[in-house]
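Quick notes on the structure that follows.
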Amino acid sequence: MASDSSKLIVQGHELCRTYEVGDTSVRALDHVNIEMHVGDFVAVMGPSGSGKSTLMNILGCLDRPDSGDYRLLNRQVAALDDESLSSIRNSHLGFVFQSFHLLPRMTALENVLLPMRFAKTGHAGSREYGCELLSRLGLGDRMDHRPNQLSGGQRQRVGIARALLSKPTLLLADEPTGNLDSKTASEILDLLLAFNREGQTILLVTHEHEIASLAHRIIHMRDGKIEQEEMNA
Ligand code: ADP
Ligand code: MG
């Protein structure tokens, strides 16, 4: 695992995020410090409501902290305008969701290629690479199928191919196996591990210890705080 500071991708310093709900406020993130280097595979664990998704959304530039400093690829995210932010998201970040988030009227391949429609820059990937990813993920003969013709595990493979299309610097996966049976979940994890071995940096949110134990490092969250960090050999 790299620890060279030039290969630092994520630097979150004292990140706080509070949600106001009616007249109460919920401290979803409470002074969180996190760093990730190129090639890392980090799992974020913790009970429901502990702030895992809030942290992932901030690191993925989908949300901003109320206070604290977040640097992604050495750039201060708070200082970026909307255009720079969406360009950094499109070319450097890939997202995988628990509920897949596929468009039902589109084929597997069209779903994978969707990010290319939104990207202004040329870094969003190519049709050729989309086909290559689907083949590698075992869906070479399912590219023209719509999501309702695919199993849950196959849908998530499409979600992973879509997230990897731009060769993102950082892949963020929020409970990607939460809707899958355990055998399918472990197949999906094996795929993520294989991409990590080839250098893909991954942040994986999960509440299952068995899943987290595959990561290099486990961050345990509770009540918006990092309670403990565990290194795996
Ligand atoms: P986790 O992903 O670990 O289940 P979340 O990050 O989703 O936790 O939530 C952390 C806390 O913030 C919880 O108490 C949750 O209810 C609250 N929360 C999350 N999102 C919102 C929101 N959009 N509005 C209000 N409260 C929220
Ligand atoms: Mg969550």
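Going by our numbering, the sequence shown opens with residue 997, and the numbers climb by one from there.
Backbone N, C-alpha and C fix where the C-beta goes; we use that ideal spot for every residue, glycine too.
By the 10 Å Cβ neighbour count, where 16 or more other Cβ atoms means buried, how is residue i classified, buried or exposed?
i, result
"MET997", "Note that MET997 has pLDDT 48, beneath the 50 cutoff, so the model's placement of it is unreliable and the number below is only indicative. Its Cβ having fewer than 16 others within 10 Å, MET997 is exposed."
"GLY1018", "exposed"
"TYR1066", "buried"
"ASN1107", "buried"
"ALA1190", "exposed"
"ASN1069", "Reading off the sequence, residue 1069 comes out as Leu, not Asn. Per the 10 Å Cβ criterion, exposed."
"SER1046", "buried"
Along the chain, where does the alpha helix (DSSP H) containing residue i start, and where does it finish?
i, result
"ALA1120", "No alpha helix (DSSP H) holds ALA1120; DSSP gives it neither H nor E."
"ALA1104", "1104-1114"
"LEU1051", "1048-1055"
Keeping to the same chain, check which residues put their C-beta closer than 8 angstroms to that of residue i; ignore five residues upstream and five downstream.
i, result
"PRO1043", "HIS1203 and ARG1218"
"ASP1170", "LYS1048, SER1049, MET1052, PHE1091, VAL1092, PHE1093, GLN1094 and VAL1201"
"LEU1081", "CYS1057 and VAL1073"
"HIS1212", "MET997, ASP1036, PHE1037, VAL1038, MET1227 and ASN1228"
"ASP938", "What is shown of the chain runs 997 to 1229, which leaves residue 938 out entirely."
"PRO1111", "ASN1086, ALA1120, GLY1121, ARG1158, LEU1161 and SER1162"
Might you give, ordered along the chain, the residues of its own chain that have their beta carbon closer than 6 angstroms to the beta carbon of residue i, omitting 5 neighbours on each side?
i, result
"ILE1238", "Examination of residue 1238 is not possible in this model, given that the chain is present from 997 through 1229 alone."
"GLY1174", "GLN1094"
From which residue to which residue does the beta strand (DSSP E) around residue i run?
i, result
"SER1021", "1020-1033"
"ARG1067", "1063-1068"
"ARG1013", "1004-1017"
"LEU1089", "1089-1093"
"VAL1040", "1037-1041"
Can you list, in chain order, the residues of its chain with a C-beta nearer than 7 angstroms to that of residue i? Leave out the 5 residues immediately preceding and following it.
i, result
"GLN1224", "HIS1216"
Segments assigned beta strand (DSSP E), at least 3 residues, entirely inside the region 1137-1214: 1166-1170 and 1197-1201
Any residues whose CB sits closer than 6 angstroms to a heavy atom of the ligand ADP? List them in chain order? TYR1015, VAL1017, VAL1022, ALA1024, GLY1042, SER1044, GLY1045, SER1046, GLY1047, LYS1048, SER1049 and THR1050
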